[in-house]
Amino acid sequence: MDLSDAHTLGLFLEVYGTLPRAGPGGDEHTGRALGLVPGPTPRTVLDLGCGPAAQTVALAAALPEARILAVDMLPSMAAEANRRFVAAAIDDRVEAVVGDMAAPPVEPGSQDLIWAEGAIYNLGVTEALRTWRPLLAPGGTVGFTEPIWLVDSPPAELRDWWLAEYPALTEEAGVRASIEAASYQTIASFPLPASAWWDEYYEPMQARIAGLKARHPDDPIAAEVVAAAETEIDFFERFSECYSYAFFIVQPTD
172 MDLSDAHTLG LFLEVYGTLP RAGPGGDEHT GRALGLVPGP TPRTVLDLGC
222 GPAAQTVALA AALPEARILA VDMLPSMAAE ANRRFVAAAI DDRVEAVVGD
272 MAAPPVEPGS QDLIWAEGAI YNLGVTEALR TWRPLLAPGG TVGFTEPIWL
322 VDSPPAELRD WWLAEYPALT EEAGVRASIE AASYQTIASF PLPASAWWDE
372 YYEPMQARIA GLKARHPDDP IAAEVVAAAE TEIDFFERFS ECYSYAFFIV
422 QPTD
């Protein structure tokens with residue numbers, strides 16, 4: 172699927188652009204992960220790959236004194252995030268901008284906390300952590316989610332699908348090794364339950380899929396978007412015990 176094509180991107184966003192969140196998660200999981208961050212309460216937070224920013228709003232609620240900058244590469248996502256910040260009356264200290272998570276628009280050494288739910292895969296765990304290290308203030312922390320295998324021997328059908336979608340998928344120990352390779356230590360980690368995929372992600376996605384089908388019944392690109400989304404949901408329905416996202420809270424070792 173070529174998201175650099177404007178028509179394709181528009182159809183993609185009809186499904187993904189107005190979901191409650193851009194991937195598996197939930198306020199309770201964001202809150203649990205935030206509670207595992209060591210040290211003083213963060214006052215500067217950078218949320219990378221923020222999407223529609225459900226987790227950013229949750230972070231702001233839990234950190235009422237923090238200033239938060241959310242970054243997404245898609246203007247439509249940043250705009251949706253800013254609409255949500257206004258609705259939550261937090262726009263005086265929380266802002267979304269269009270930007271690259273590989274080159275966030277903040278000063279070196281300025282961030283107490285860097286957050287990335289469902290987005291670090293764009294760079295890869297080790298590369299992302301190395302890239303973000305100079306941005307952290309002394310004692311700073313990174314929190315992120317990453318898909319992991321929950322079983323040692325997943326079905327071949329599922330493994331082949333993930334190999335095509337995300338070849339770097341590994342078990343929790345593999346993610347921890349990638350963290351260590353970036354000269355970080357894992358402070359805490361936990362997997363997300365199946366409900367984190369359904370409640371605010373797949374269930375609303377199913378409604379968006381139905382709408383896209385109704386609006387574009389003869390568009391082959393729309394059919395491609397629908398097929399990809401339905402395949403993803405189907406795999407999780409059949410194999411949810413085999414994989415999930417996991418939260419990781421990490422700090423540099425140097």
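Just so we're on the same page, our numbering is the position in the sequence shown counted from 1, plus 171. Every residue gets a Cβ at the ideal spot worked out from N, C-alpha and C, and that includes glycine.
Classification of residue i by the beta-carbon crowding that lies within 10 angstroms, buried from 16 upward
{"i": "Leu182", "result": "buried"}
{"i": "Glu317", "result": "buried"}
{"i": "Leu334", "result": "exposed"}
{"i": "His178", "result": "exposed"}
{"i": "Arg386", "result": "exposed"}
Simplified DSSP assignment, three categories, for residue i
{"i": "Tyr373", "result": "helix"}
{"i": "Val228", "result": "helix"}
{"i": "Ala399", "result": "helix"}
{"i": "Val189", "result": "Strictly speaking, residue 189 in this sequence is Thr, with Val absent from that position. Here Thr189 sits in coil by DSSP."}
{"i": "Thr424", "result": "coil"}
{"i": "Ile261", "result": "coil"}
{"i": "Tyr337", "result": "coil"}
{"i": "Leu180", "result": "helix"}
{"i": "Ser415", "result": "strand"}
{"i": "Ala241", "result": "strand"}
{"i": "Glu266", "result": "strand"}
{"i": "Asp198", "result": "helix"}
{"i": "Asp173", "result": "coil"}
{"i": "Asp427", "result": "Within the shown structure, residues of the chain are numbered from 172 to 425, placing residue 427 beyond reach of any answer."}
Terminal residues of the beta strand (DSSP E) in which residue i lies
{"i": "Arg255", "result": "Careful: Arg255 lies outside any beta strand (DSSP E), inside the alpha helix (DSSP H) at Pro246 to Ala258."}
{"i": "Ala359", "result": "Tyr355 to Pro362"}
{"i": "Ala290", "result": "No beta strand (DSSP E) contains Ala290, which DSSP labels as neither H nor E."}
{"i": "Leu307", "result": "Leu307 to Trp320"}
Span of the alpha helix (DSSP H), counted from its first residue to its last, around residue i
{"i": "Thr302", "result": "Val296 to Trp303"}
{"i": "Arg214", "result": "No alpha helix (DSSP H) holds Arg214; DSSP gives it neither H nor E."}
{"i": "Gly345", "result": "Glu343 to Ala352"}
{"i": "Glu236", "result": "Neither: Glu236 is in no alpha helix (DSSP H) and is coded neither H nor E."}
Below-9 Å beta-carbon distance, residue i vs any chain B residue
{"i": "Ala327", "result": "The question asks about chain B, but that chain is absent: this structure has only one protein chain."}
Can you find at least 3 beta carbon pairs, one from the region 278–298 and one from the region 344–361, that sit closer than 8 Å?
-> yes
Are the region 266–275 and the region 213–225 in contact at 8 Å, needing three or more beta carbon pairs?
-> The region 266–275 makes contact with the region 213–225, as at least three CB pairs between them are under 8 Å.
For the region 411–418 against the region 358–367, are there 3 or more C-beta pairs whose distance is under 8 Å?
-> Yes, the region 411–418 is in contact with the region 358–367.
Touch test, the region 259–266 against the region 283–290, Cβ-Cβ under 8 Å, three pairs minimum | Result no; under three Cβ-Cβ pairs closer than 8 Å.
With a cut-off of 8 Å, do at least 3 Cβ pairs link the region 371–389 to the region 401–415?
-> yes
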